[in-house]
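Here is the structure we will look at, set down as structure tokens.
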Amino acid sequence: MAKPANGQGKTDFRARNRVLFIGLVFCVLFFLFAVQVEWVPYLNSSSVSLPNAASSSKNKPVPPARTNPGDNEKSTLPPPTTDSNSDDQDQNSTDGQDSDEVLDLTTKPTEERPSQLEGNKEHNPFLTMFPSRAPAEGERFLGYLPHSGFHNQLMTLENSLRLAAYLNRTLLLPPLHLSHKKEALYWKEPAHLLNQWRQRTRIGSEYCRDRVDPLTLPPKTEEELKAMTQEELKQEQECHFYYSWTTVPWTYFYDIPQILSGAVGVGQQTEPIRVFDRPNMTMEWLSEHLDIKDAKKEIFFFEDTNRYEFKIMDDSEVDYSVKPVKPLEPEVDLSTLEPSVVKWMERYTHSLLLTDLQRRPERVLHFGSLFATDRVEARSEGHKALKSFISKGMDLWNDGILEATELAEAQIEAWIKETQRAAPGFLGAHLRTEDGQFEKQVQKNLQRIVAWLGEMVKKDRKYLTANEIDATKDKEDDKDAAPKRQLETRGEPLDNTTTTSTPTADSKTQNTETGTQGDQSTTTPSPADPKTLKDTDTTTQVEQTTPTSEQAPKAQTRTFVERCKEAPPESPLVFLATDVHQPRESNLLAEYLDQFPCTMFLTDFKASLAVLEEIKNPTDGMSMFQYLVALMDANLAAKGRMFQGTERSTFSAYITNHLWPEYHSSELDEDLSE
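Residues 1 to 674 in full-length UniProt numbering are what the sequence shown lists, from first letter to last.
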């Protein structure tokens with residue numbers, strides 16, 4: 001066979017190489033395009049634009065970059081954006097980010113907003129929306145120590161945002177602490193409270209994340225504990241603590257950036273309220289990240305020796321050096337009040353004037369507790385407007401809770417049709433039974449809800465048809481007598497005609513702080529005798545555990561819907577948010593459920609609970625279920641067309657003052673226009 005010429009072979013070889021090279025280039029370009037379009041958002045959460053990261057379930061606008069008002073000059077602060085490297089202790093700080101890395105705030109948000117249910121999308125909701133940064137020149141700060149439960153921390157946050165605005169300082173924004181009751185951050189003097197916060201660290205106990213939550217396991221027997229080594233016992237204790245708490249940024253639940261930027265133009269506020277993310281509450285972290293050189297000169301700490309040490313008086317429009325301070329509340333004759341009430345009204349040890357705080361030169365003003373509704377006064381019209389704006393701005397935007405609530409509302413609509421309720425929608429109520437004062441007042445608070453529901457039934461008769469009205473009149477005597485007969489057997493007379501406090505959720509008269517009370521004898525039914533209640537609970541339990549053969553199958557097999565179907569059309573559909581465990585089996589609520597069989601509990605909404613059960617905090621692996629359930633309870637109760645809460649409960653106050661007005665603003669406007 002003849003061999004090809006040498007030149008021809010080289011030409012064919014080069015041609016093949018060109019084809020292969022072009023094919024390789026095409027493959028590389030295709031791969032890069034696929035990575036850019038499909039995989040980058042999942043691989044690097046810090047590579048996305050802020051508008052997507054800050055988009056809420058309500059598509060609220062992104063706040064503009066805010067400036068720091070120094071003495072006579074302004075320096076631009078970095079705008080709020082996502083920080084993918086923050087955790088509850090922020091051990092890998094990225095202070096002093098280069099200005100070229102600041103994201104463009106003018107970019108329009110994409111149509112598809114990120115979901116908070118998934119931690120690997122454009123913005124992980126468990127990470128702060130305010131990145132680590134260096135303090136601006138001349139920037140001054142305000143700090144405080146959070147304590148107590150969720151709603152108390154929320155109240156404190158509102159106070160601190162207002163105070164930061166009043167003082168023209170940047171708020172050191174702490175995380176939200178969530179925990180089991182035994183690990184709650186109760187108020188202590190600053191040194192003790194700081195020590196509690198110091199213990200909230202995952203350093204050294206990371207191994208617990210790979211273990212089963214010990215709180216979900218049965219307690220170990222004495223024999224099992226004796227068989228464990230000292231190291232095993234230590235790890236057991238560490239993992240118990242590991243799974244008893246977690247922290248999340250406030251932006252996990254609320255659109256804080258919108259509140260900060262939206263404050264411009266409210267009252268005398270000319271600039272956005274500023275915040276500086278503070279994921280670590282130790283003073284060492286504070287000194288390091290604020291570049292504190294001399295803590296004694298640069299930090300002024302108001303050390304409170306009791307829970308109500310300092311009250312901040314708003315003297316912005318009143319010179320109290322000339323005019324004595326007068327209480328905001330109407331003057332009352334203290335001799336007519338109980339000693340505990342007088343003590344509460346005079347509980348603050350010291351008063352601080354706002355103008356004095358404004359003149360303080362230190363870089364950091366640091367308080368201990370800022371909790372209490374009246375801790376930071378708002379006397380001027382501008383300050384009142386800002387207080388109202390911040391309070392109303394705390395709208396839930398947590399995707400998990402909102403999705404679960406939507407599922408529950410759809411289920412309720414189906415139940416209304418299936419059970420043929422006369423009135424539209426449902427009524428919301430909250431009954432708190434645990435913890436000191438609420439345990440003592442449980443019967444009084446339950447009767448208050450019963451009396452309110454009785455009044456609502458009378459008002460809802462306008463929804464009945466003519467035939468239903470006739471049927472109701474025929475049974476009215478029995479209907480009125482039944483509740484009295486039921487409670488008279490317990491030694492607890494009930495008068496449904498008793499005047500109750502206004503059942504609308506916009507009422508501001510409820511006193512919501514622990515340890516406060518007023519004379520309620522004329523507005524609520526009398527509380528039950530604890531001794532009678534104890535005897536009654538025992539009797540009721542015996543009666544329920546020894547039913548007749550005819551009663552037993554019916555009591556055990558009838559579902560909530562079946563019981564509600566048997567109730568007359570005027571029997572209201574009620575959602576009762578409560579801390580009662582297994583409420584349908586509770587002796588406390590047995591007679592209440594006989595009287596109001598169309599009462600729903602959160603446990604009735606399986607699909608909603610399934611949504612919440614799937615959510616975990618990716619920063620520490622903690623299940624968020626137990627913390628989200630409480631807010632889901634509040635959110636669904638607020639959806640009721642009317643709401644009745646528990647006196648002095650901050651949970652009820654949160655529904656009354658925040659959630660209910662948010663969902664029923666149009667109805668409130670109609671009431672005001674009438």
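Where a beta carbon is used, it is the ideal one built from N, C-alpha and C, also for glycine.
Over the uninterrupted alpha helix (DSSP H) stretch that includes residue i, give me the two end residues.
| i | result |
| --- | --- |
| HIS289 | 283 to 289 |
| PHE651 | 650 to 654 |
| ILE299 | It is not in any alpha helix (DSSP H) - ILE299 instead sits in the beta strand (DSSP E) that spans 299 to 302. |
| VAL561 | 560 to 566 |
| PHE625 | 625 to 638 |
| GLY267 | Per DSSP, GLY267 belongs to no alpha helix (DSSP H) and is neither H nor E. |
So the candidates are the options; which of them puts its Cα closest to the Cα of residue i?
| i | options | result |
| --- | --- | --- |
| PHE651 | ARG558, ARG432, LYS459 and ASP356 | ARG432 |
| VAL212 | ARG200, LEU194 and GLU238 | GLU238 |
| THR270 | ASP277, PHE150, LEU142 and SER261 | SER261 |
| PRO272 | LYS565, LEU225 and ALA164 | ALA164 |
| THR559 | THR419, THR156 and ASP210 | THR419 |
| ARG140 | PRO125, LEU171 and CYS27 | LEU171 |
| THR251 | VAL442, ASP277, GLN268 and SER244 | ASP277 |
| ARG200 | GLU232, TYR166, LEU161 and SER244 | SER244 |
| GLU409 | SER132, LYS181 and ASN635 | ASN635 |
| SER380 | ILE203, TYR166 and LEU631 | TYR166 |
| GLU224 | GLU236, SER571 and LEU215 | GLU236 |
| GLU562 | VAL580, LEU589, MET600 and GLN582 | MET600 |
| LYS181 | ILE256, GLY149 and PRO583 | GLY149 |
| CYS208 | ASN124, HIS240, SER132 and ARG347 | HIS240 |
| GLU434 | ILE22, SER649 and ARG18 | SER649 |
| ALA630 | ASP604, TRP285, ASP579 and GLY454 | ASP579 |
| TYR463 | ILE292, GLU566, GLU298 and SER571 | SER571 |
| ASP210 | TYR627, SER666, PRO618 and GLY645 | PRO618 |
| residue 733 | LEU628, SER665 and GLY621 | It is not possible to answer for residue 733, since the shown part of the chain is limited to 1 through 674. |
| GLU377 | ARG133, ARG14, ARG162 and LEU609 | ARG162 |
| MET155 | SER391, GLY454 and GLY645 | SER391 |
| LYS417 | CYS564, SER160 and ALA191 | CYS564 |
| ASN152 | SER608, PRO131, PHE130 and HIS177 | HIS177 |
For the beta strand (DSSP E) holding residue i, just list the boundary residues, first then last.
| i | result |
| --- | --- |
| SER244 | Note, SER244: premise wrong, no beta strand (DSSP E); not H, not E. |
| VAL275 | 275 to 277 |
| residue 751 | Only positions 1 to 674 of the chain appear in this structure, which leaves residue 751 out of reach. |
| LEU386 | Premise fails: LEU386 lies in the alpha helix (DSSP H), 381 to 393, not in any beta strand (DSSP E). |
| PHE367 | 364 to 367 |
| THR578 | 574 to 578 |
| GLY428 | 427 to 431 |
Rounded to whole angstroms, how far is the Cβ of residue i from the Cβ of residue j, which I believe are closer than 8 Å?
| i | j | result |
| --- | --- | --- |
| VAL611 | GLY400 | 6 Å |
| TYR254 | ASP356 | Actually they are not in contact, since the Cβ atoms of TYR254 and ASP356 sit about 31 Å apart, beyond 8 Å. |
| PRO174 | PRO146 | 5 Å |
| TYR186 | LEU370 | 16 Å between Cβ atoms; not a contact. |
| CYS598 | LEU573 | 5 Å |
| MET632 | ALA414 | In fact, because the Cβ distance is near 19 Å, the residues do not count as touching under 8 Å. |
| PRO279 | THR373 | The pair is not a contact, with the Cβ atoms about 27 Å apart (cut-off 8 Å). |
| GLY393 | GLN258 | 7 Å |
| GLU189 | ASP304 | 7 Å |
| LEU194 | MET281 | 7 Å |
Once you ignore the five residues that flank residue i on each side, which residues in its own chain have a CB closer than 8 Å to its CB?
| i | result |
| --- | --- |
| HIS350 | GLU309, PHE310 and LYS311 |
| PHE302 | GLU309, PHE310, LEU352, LEU365, HIS366, PHE367 and GLY368 |
| TYR320 | MET313 and LEU353 |
| GLY96 | Model confidence at GLY96 stands at a pLDDT of 33, short of 50, so the residue's coordinates are unreliable and nothing is read from them. |
Taking buried to mean at least 16 other C-beta atoms within 10 Å of its own C-beta, is residue i buried or exposed?
| i | result |
| --- | --- |
| LYS606 | exposed |
| residue 737 | Residue coverage of the chain in this structure runs from 1 to 674, which leaves residue 737 outside it and unanswerable. |
| MET228 | exposed |
| PHE26 | exposed |
| ARG169 | buried |
| GLN443 | buried |
| GLN441 | buried |
| PRO214 | buried |
| GLN230 | exposed |
| GLN358 | exposed |
Only counting the same chain, and skipping five residues up and downstream in sequence, which positions put a Cβ closer than 6 Å to that of residue i?
| i | result |
| --- | --- |
| GLY425 | ARG641 |
| VAL266 | ALA385, LEU386 and PHE389 |
| GLU317 | SER380 |
Between which residues of its own chain and residue i is the CB-CB distance below 7 Å, once the five residues before and five after are set aside?
| i | result |
| --- | --- |
| SER179 | SER244 and TRP245 |
| ASP537 | For ASP537, the pLDDT reaches just 33, beneath the cut-off of 50, and the residue's location in the model is therefore unreliable, although a value from the coordinates is still provided. So the list reads ASN587, once near-sequence residues are dropped. |
| SER287 | ALA295 |
| SER623 | LYS616 |
| GLU298 | ILE292, GLU362, ARG363 and VAL364 |
| ILE256 | TRP250 |
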